[in-house]
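The structure under discussion appears below in the form of structure tokens.
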Amino acid sequence: MQAARQLAELAAESDDSDLVDQALAALEANLVADSYDDRILEGMERVLRAKGDWRAVADVLGQRAANSEQVASLSWDLERIDLLISAVGDRGAALAAARAAQTRHPDDSGLAEVIEDLEREGPVRTPVAPG
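For the sequence shown, this note's numbering assigns the number 140 to the initial residue and increments by one for each residue that follows.
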């Protein structure tokens with residue numbers, strides 16, 4: 140586990156695609172053993188961001204949100220929705236992510252607005268995490 144995290148740190152700073160692929164493989168192997176270890180997910184997120192794989196980053200943020208406490212969960216959910224809209228350009232995936240986030244945060248009015256915007260095909264109000 141420690142070796143995989145160290146490899147992820149190197150890969151996140153590297154342009155070497157082989158090193159990035161090795162780091163992702165090591166992290167994914169560790170994730171199979173413990174899908175709730177946020178340190179593994181954090182390492183994957185860093186490597187995927189460095190690689191520019193925004194859909195995969197959004198998937199990892201969804202996993203982190205599903206596994207975490209309310210405050211961190213909302214922040215990751217909102218970032219995931221924003222990435223799916225702005226970096227990936229997939230409104231359908233963003234809508235699905237917003238609906239999943241709303242099940243975790245039913246009282247968040249910002250999510251309801253984002254869902255409404257995504258359903259009507261207009262511009263989307265950018266979700267903002269609370270203070």
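For every residue, glycine included, the Cβ atom is placed at its ideal position computed from N, Cα and C.
None of the values given here were measured: they were computed from a predicted structure.
Residue closest to residue i, alpha-carbon to alpha-carbon, out of the options
{"i": "Val186", "options": "Arg238, Leu163 and Val253", "result": "Leu163"}
{"i": "Glu258", "options": "Leu200, Glu152, Ala233 and Asp154", "result": "Ala233"}
{"i": "Glu260", "options": "Gly228, Trp193, Thr242 and Gln161", "result": "Gly228"}
{"i": "Leu223", "options": "Ala197, Val210 and Asp155", "result": "Ala197"}
Alpha-carbon spacing of residue i relative to residue j, whole angstroms
{"i": "Met183", "j": "Gly191", "result": "12 Å"}
{"i": "Ser174", "j": "Asp256", "result": "33 Å"}
{"i": "Leu213", "j": "Asn169", "result": "25 Å"}
{"i": "Ile254", "j": "Trp193", "result": "21 Å"}
{"i": "Gly249", "j": "Ala195", "result": "24 Å"}
{"i": "Arg230", "j": "Leu166", "result": "29 Å"}
Where residue i falls, given that 16 or more other Cβ within 10 Å makes a residue buried
{"i": "Asp246", "result": "exposed"}
{"i": "Val171", "result": "exposed"}
Same chain, Cβ closer than 7 Å to residue i, neighbours up to 5 away in sequence not counted
{"i": "Arg203", "result": "Asp177, Leu180 and Trp215"}
{"i": "Val199", "result": "Leu180, Met183, Glu184 and Leu187"}
{"i": "Ser153", "result": "Val159"}
Cβ shell of residue i (< 6 Å), same chain only, five flanking positions each side left out
{"i": "Ala189", "result": "Ala151"}
{"i": "Ala240", "result": "Asp216 and Leu250"}
8 Å Cβ shell around residue i - same chain, five flanking residues per side excluded
{"i": "Leu158", "result": "Leu146, Leu149 and Ala150"}
{"i": "Ser207", "result": "Asp177 and Trp215"}
Hey, which unbroken runs of the alpha helix (DSSP H) at 4 residues or more fall wholly within the segment 159–243? 177–190, 193–206, 209–222 and 230–243
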